[in-house]
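>
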Amino acid sequence: TMSTSARRRLLRDFKRLQNDPPSGVTGAPMDNNIMLWQAVIFGPDDTPWEGGTFKLVLEFTEDYPNKAPNVRFLTKMFHPNIYNDGQICLDILQNQWSPIYDISAILTSIQSLLCDPNPASPANS
């Protein structure tokens, strides 16, 4: 496979995720495709999602990290900031994206959305 800056960056993100794993989230590239990741977020304590295991898929393009990945939940969940198709209404995945965010930051931001839904930005309005 050709080495591109996006792929190198994704490998670096993966190493960081392995060496310094954030609590309550995991993620890894799919077999043979560094541009497609599966992730799991464990439902945070003291939330309606406590004890749940929520699967996501992250799709990266060659524009990463200049462009945010497409991230969606595969697990059906009812949450004010998550669309029926699993797409997530989260500022850093849209207009507030910055190349400083890595996969670890993306997953922990989604996790904190579960702890603290943002009613000002409802997906299901």
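Following UniProt numbering, the numbering of the sequence shown begins with 1 at its first residue and continues without gaps. For glycine and all other residues, C-beta sits at the position ideal for the given N, C-alpha and C. All values reported here derive from a predicted model rather than from experimental measurement.
Would you call the CB atoms of PRO22 and LEU107 closer than 8 Å?
Contact check for PRO22 against LEU107 passes: the beta carbons are separated by less than 8 Å.
> Between the region 59 to 68 and the region 30 to 47, are three or more C-beta pairs nearer than 8 Å?
Output reads yes: the region 30 to 47 touches the region 59 to 68.
> Using only the alpha-carbon positions, how far apart do SER98 and PHE78 sit?
28 Å
> Decide if ASN19 is buried, meaning its Cβ has at least 16 other Cβ atoms within 10 Å, or exposed.
Exposed is the label assigned to ASN19, since fewer than 16 other Cβ atoms lie within 10 Å of its Cβ.
> Beta carbon of CYS89, beta carbon of SER121: below 8 Å?
yes
> Indicate whether ASP13 and ILE103 have their beta-carbon atoms separated by less than 8 Å.
In contact: ASP13 and ILE103 (Cβ atoms closer than 8 Å).
> Determine the burial state of PRO65: buried for a count of at least 16 other Cβ atoms within 10 Å of its Cβ, exposed for fewer.
buried
> CB PRO80 to CB ALA123, shorter than 8 Å?
Using a Cβ distance threshold of 8 Å, PRO80 and ALA123 count as a contacting pair.
> Between which two residues does the beta strand (DSSP E) containing ILE41 stretch?
33 to 42
> Is the separation between the beta-carbon of CYS115 and that of THR47 shorter than 8 Å?
Yes, Cβ-Cβ distance for CYS115 and THR47 is below 8 Å.
> Rounded to the nearest angstrom, what separates ASP25 and GLU50 at their Cα positions?
According to the sequence shown, residue 25 is Val rather than Asp. The straight-line gap from Cα to Cα measures roughly 13 Å.
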